[in-house]
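Data first, discussion second: the structure below is written as structure tokens.
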Amino acid sequence: MKSKDYLGSTLKRIEGKGYKAYKDIQGSYDFKEFQLYMDYVQGDPFASPSRLRVRVPQKRAQFPKSFFSSRVRRIALEDYLTREFGEAISRVAKRSRGTGMSGIIYIDNCGQEILERTSMVVTMEYVEARISLGLPAQGRRVLAKEAADMFFKEIPLMVKEAMLYENLDSERIRNHVEGNEDQEFLRQELLKRGLVCFVGDGSILPRKSGVIDLPMDRETATPFSSPRELQVEVDLPNVGRVKGMGIPAGITLIVGGGYHGKSTLLRAVERGVYNHIPGDGRERVVALEDAVKIRAEDKRRVEKVNISPFINNLPFLKDTVGFSTEEASGSTSQAANIMESLEMGARLFLLDEDTSATNFMIRDVRMQSLVSRDKEPITPFIDKVKLLKKDLDVSTIMVLGGSGDYFDVADRVIMMDQYQARDVTSKAREITEQYRTERIEEGGGEFGQIIHRIPLKKGLDPTRKGKTKISARGLYSLQFGRQEIDLSLVEQLVQASQTRAIGDIMLFCGHLIDGKKTLREIIEITLQQIEIQGLDLLSPYRGQHPGEYALPRKYEIAAAFNRLRTFHAF
Ligand code: ADP
Ligand code: MG
Numbered sequence: 297m298k299s300k301d302y303l304g305s306t307l308k309r310i311e312g313k314g315y316k317a318y319k320d321i322q323g324s325y326d327f328k329e330f331q332l333y334m335d336y337v338q339g340d341p342f343a344s345p346s347r348l349r350v351r352v353p354q355k356r357a358q359f360p361k362s363f364f365s366s367r368v369r370r371i372a373l374e375d376y377l378t379r380e381f382g383e384a385i386s387r388v389a390k391r392s393r394g395t396g397m398s399g400i401i402y403i404d405n406c407g408q409e410i411l412e413r414t415s416m417v418v419t420m421e422y423v424e425a426r427i428s429l430g431l432p433a434q435g436r437r438v439l440a441k442e443a444a445d446m447f448f449k450e451i452p453l454m455v456k457e458a459m460l461y462e463n464l465d466s467e468r469i470r471n472h473v474e475g476n477e478d479q480e481f482l483r484q485e486l487l488k489r490g491l492v493c494f495v496g497d498g499s500i501l502p503r504k505s506g507v508i509d510l511p512m513d514r515e516t517a518t519p520f521s522s523p524r525e526l527q528v529e530v531d532l533p534n535v536g537r538v539k540g541m542g543i544p545a546g547i548t549l550i551v552g553g554g555y556h557g558k559s560t561l562l563r564a565v566e567r568g569v570y571n572h573i574p575g576d577g578r579e580r581v582v583a584l585e586d587a588v589k590i591r592a593e594d595k596r597r598v599e600k601v602n603i604s605p606f607i608n609n610l611p612f613l614k615d616t617v618g619f620s621t622e623e624a625s626g627s628t629s630q631a632a633n634i635m636e637s638l639e640m641g642a643r644l645f646l647l648d649e650d651t652s653a654t655n656f657m658i659r660d661v662r663m664q665s666l667v668s669r670d671k672e673p674i675t676p677f678i679d680k681v682k683l684l685k686k687d688l689d690v691s692t693i694m695v696l697g698g699s700g701d702y703f704d705v706a707d708r709v710i711m712m713d714q715y716q717a718r719d720v721t722s723k724a725r726e727i728t729e730q731y732r733t734e735r736i737e738e739g740g741g742e743f744g745q746i747i748h749r750i751p752l753k754k755g756l757d758p759t760r761k762g763k764t765k766i767s768a769r770g771l772y773s774l775q776f777g778r779q780e781i782d783l784s785l786v787e788q789l790v791q792a793s794q795t796r797a798i799g800d801i802m803l804f805c806g807h808l809i810d811g812k813k814t815l816r817e818i819i820e821i822t823l824q825q826i827e828i829q830g831l832d833l834l835s836p837y838r839g840q841h842p843g844e845y846a847l848p849r850k851y852e853i854a855a856a857f858n859r860l861r862t863f864h865a866f
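In the working numbering, each residue's number is its place in the sequence shown (first place is 1) plus 296.
Structural data, given as structure tokens:
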């Protein structure tokens with residue numbers, strides 16, 4: 297390790313030289329308070345920025361051990377410090393210091409969820425931030441004074457403001473860490489109590505807008521309050537007793553007039569597979585980790601999925617046990633989404649009428665009379681939802697304002713009425729007695745089989761023009777070799793850093809394909825490895841930090857395989 301003065305004199309020496317001269321600053325430097333690892337120096341001012349790490353010894357950073365004494369706590373602290381560092385960058389960095397990327401400093405972005413990430417590492421020995429930096433240039437000439445400013449003024453100030461415990465708000469850190477722990481506890485508690493989700497009283501479910509994930513202003517939002525019949529109390533390890541709605545396993549209907557908050561409730565539950573930051577409004581909304589949103593997704597590809605529990609007797613005798621298509625319809629795509637999630641181990645399905653195929657959801661008595669059973673390939677969800685629970689112990693929560701036929705199969709009915717939840721189960725039961733539907737059950741005696749697919753190496757090629765090419769383009773698009781994977785309708789993917797991780801997880805999974813292991817086994821082995829070794833395991837960079845990953849769930853990883861248009865399985 298060299299001294300920081302050495303970095304200073306190297307910069308002086310290369311002032312005004314060609315950009316390549318920056319390569320001389322690669323290496324590690326002792327700044328006394330912290331160490332700076334200049335891992336990778338960019339080739340020109342427009343190329344992707346240089347990558348570095350700053351590491352502060354715990355002797356100086358002094359984070360109390362209790363804030364990272366368990367995995368859940370450490371993940372929350374790392375997440376919190378990433379946010380603090382990001383804010384320090386916005387306050388301190390001058391940014392525009394010349395051509396191209398000159399002057400930018402960057403750490404991975406965070407959203408409303410607390411996720412395991414690689415942007416910050418906290419250990420007993422040190423705290424390390426993984427950042428990128430655009431080395432300043434005028435045209436292609438080194439601007440060493442500007443660079444020196446970044447290294448000797450900006451970065452030390454960011455370290456001081458965001459990485460030393462003494463300068464941070466300990467109450468806010470505590471809330472973040474303990475909040476994460478409480479939410480994890482709540483999720484475990486669901487399993488113990490036979491619940492599938494919890495929505496805490498006082499939660500703010502609606503968002504600022506359809507594209508902004510921040511909570512709606514407290515003045516305009518109606519806070520959630522649970523119907524008496526469904527109210528449960530849980531004692532959390534940190535904040536103590538909380539009250540809210542606990543939805544038991546089984547089949548739950550959310551009904552109510554249009555625009556009364558049905559989809560908003562379901563979306564909050566959907567996101568409840570993740571923990572949320574304090575102030576999000578959903579930090580007491582928790583669902584089973586194996587909750588999967590199911591929707592129609594016409595035009596998607598499907599590779600050898602057994603959709604026969606829902607679809608049979610297609611025209612031209614098309615196979616539905618190993619169903620493949622380049623362009624699924626609304627109903628076949630929704631059936632495939634269900635079967636693929638079951639393959640991965642889903643325990644709770646979340647469906648919304650807004651994003652479902654009508655002919656997949658319902659088939660009423662009049663239609664049954666007109667189009668006979670043998671002319672309709674689809675067994676509607678209404679005839680399978682109870683069998684899903686009976687045979688596979690999979691619960692369902694669905695938003696359905698348009699069909700009372702589902703009263704027959706629902707264990708409970710929640711009505712949203714001007715953003716207030718009410719339990720209307722007994723009323724719905726009375727109605728079932730009063731107006732019998734006369735419809736014929738078409739589901740048969742059992743749900744049907746889940747077939748585990750075995751992926752093939754064929755088609756899983758991460759290269760383009762001879763080079764490995766895997767990159768996320770924002771949240772919803774993943775470049776994998778020559779293929780572009782469309783993830784725009786995978787609704788529980790929440791961060792571009794997850795998409796980025798999925799790309800490299802697919803590459804890692806590729807090495808495990810042996811013609812014997814199933815897709816689920818391969819993904820689970822990979823996630824176990826990540827749990828042991830951390831997400832750094834995925835790093836495609838040699839000698840550089842992998843600072844922009846966040847952990848995805850197995851369902852979203854499988855979703856990417858399933859949407860890769862060259863994916864092959866048997
Ligand atoms: P539905 O699915 O019943 O038609 P939505 O859930 O889409 O209704 O909600 C309709 C509108 O009401 C949305 O603009 C949403 O932001 C708003 N909204 C939902 N819940 C609340 C609430 N608790 N307080 C205030 N506004 C809400
Ligand atoms: Mg809706």
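Think of the CB as a built atom: it goes at the ideal place given N, C-alpha and C, for glycine as much as any other residue. A quick note: this is a predicted structure, and the numbers were derived from the prediction, not measured.
**Prompt:** Closer than 5 angstroms from C-beta to any heavy atom of the ligand ADP: which residues, in chain order?
**Reply:** Cβ atoms closer than 5 angstroms to the ligand ADP belong to Pro502, Ala517, Thr518, Gly554, Tyr555, His556, Gly557, Lys558, Ser559, Thr560 and Tyr715.
**Item:** Rounded C-alpha distance that separates Val786 from Gln434
**Value:** 43 angstroms
**Prompt:** What separation, rounded to the nearest whole angstrom, lies between the Cα atoms of Gln630 and Phe645?
**Reply:** 12 angstroms
**Request:** Assess, as a yes-or-no matter, whether the region 686-699 is touched by the region 559-567 under the definition of 3 or more beta carbon pairs within less than 8 angstroms.
**Result:** Flag = yes, the region 559-567 and the region 686-699 touch.
**Item:** Start and end residues, alpha helix (DSSP H) containing Phe342
**Value:** Counting along the chain, Phe342 falls outside any alpha helix (DSSP H), and DSSP gives it neither H nor E.
**Among Ser699, Asn476, Asp713 and Ile607, the one whose alpha carbon lies nearest that of Tyr270** = In the structure displayed, the chain extends from 297 to 866; residue 270 sits before or after that span and is not available.
**Prompt:** What is the C-beta distance between Asp719 and Pro523, in whole angstroms, given that I count them as a contact (C-beta under 8 angstroms)?
**Reply:** 4 angstroms
**Whole-number beta carbon distance between Ala797 and Tyr845, since they are thought to touch under 8 angstroms** = Contact flag correct, Cβ pair sits at about 4 angstroms.
**Request:** Measure from the alpha carbon of His748 to the alpha carbon of each residue in Val538, Leu482, Lys671 and Ala865, then state which is nearest.
**Result:** Ala865
**Request:** Over the uninterrupted alpha helix (DSSP H) stretch that includes Arg859, give me the two end residues.
**Result:** Lys850 to Arg859
**Prompt:** Grouping DSSP H, G and I as helix and E and B as strand, with all else coil, what is Cys406?
**Reply:** Reduced to three states, the DSSP call for Cys406 is coil.
**Buried or exposed by the 16-neighbour rule on C-beta atoms within 10 Å, applied to Ser668** = exposed
**Asked** Looking only at C-alpha atoms, which of Val690, Leu688, Thr721 and Leu815 sits nearest to Phe703?
**Response** Thr721
**Message:** Taking its Cβ as the centre, do 16 or more other Cβ atoms sit within 10 Å of Lys763, making it buried, or is it exposed?
**Reply:** exposed
**Prompt:** Considering only residues of the same chain and omitting the five flanking positions on each side of Asp586, which have a CB-CB separation below 7 angstroms?
**Reply:** Gly641, Ala642, Arg643 and Leu644
**Request:** Out of Arg816, Phe776, Gly394 and Met657, point me to the one whose CA is closest to Asp800's CA.
**Result:** Phe776
**Message:** Given 8 angstroms as the limit, tell me if Asp713 has its C-beta closer than that to any heavy atom belonging to the ligand NAP.
**Reply:** As for the ligand NAP, it is missing from this structure, which binds only the ligand ADP and the ligand MG.
**Asked** Helix, strand or coil: which one does DSSP assign to Gln824?
**Response** DSSP places Gln824 in helix when its eight states are reduced to three.
**Message:** Measuring straight from C-alpha to C-alpha, what distance separates Asp301 and Pro848?
**Reply:** 42 angstroms
**Prompt:** Val695: beta carbon under 8 angstroms from a heavy atom of the ligand MG?
**Reply:** yes
**Request:** Verify whether the separation of the beta carbon atoms of Lys313 and Gly339 is less than 9 angstroms.
**Result:** For Lys313 and Gly339, no; Cβs fall outside 9 angstroms.
**Request:** Look at the alpha carbon of Val272 and the alpha carbon of Ser415, and state the distance between them as a whole number of angstroms.
**Result:** Because the chain in this structure spans residues 297 to 866, residue 272 falls outside the shown range and cannot be described.
**Asked** Per DSSP, Lys763 is paired with what?
**Response** Arg760
**Item:** Distance between Ile750 and Ile809 (C-alpha atoms, nearest Å)
**Value:** 8 angstroms
**Request:** Answer with buried or exposed for Glu742, where buried requires no fewer than 16 other C-beta atoms within 10 angstroms of its C-beta.
**Result:** Answer is exposed; the Cβ neighbour count stays below 16.
**Prompt:** Do you know offhand how far Arg470's Cα is from Phe520's?
**Reply:** 25 angstroms
**Request:** Examine the Cβ distances between the region 408-427 and the region 373-390 and report whether three or more of them are shorter than 8 angstroms.
**Result:** yes
**Asked** Among Phe327, Glu412, Ser346 and Lys449, which residue has its Cα nearest to the Cα of Ala384?
**Response** Lys449
**Item:** Alpha carbon of Thr621 to alpha carbon of Glu599, nearest angstrom
**Value:** 7 angstroms
**Message:** Is the separation between the beta-carbon of Glu311 and that of Lys441 shorter than 9 angstroms?
**Reply:** yes
**Item:** Completely contained alpha helix (DSSP H) runs for the region 360-418, where each covers 4 or more residues
**Value:** 367-388
**Asked** To which residues of the same chain is Arg437 closer than 8 angstroms at the C-beta, ignoring the five residues directly before and after it?
**Response** Gly312, Lys313, Gly314 and Tyr315
**Item:** Rounded separation between Ala724 and Val709 - CA only
**Value:** About 7 angstroms.
**Item:** Pick from Ala632, Arg367, Pro544 and Glu734 that is closest to Asn602, judged by C-alpha positions
**Value:** Asn602 has its Cα closest to that of Ala632, out of Ala632, Arg367, Pro544 and Glu734.
**Request:** List the residues that DSSP assigns as beta-bridge partners of Val538.
**Result:** Val530
**Request:** Using 10 angstroms around the beta-carbon of Phe359, count the other beta-carbons present and answer buried if the total reaches 16, otherwise exposed.
**Result:** buried
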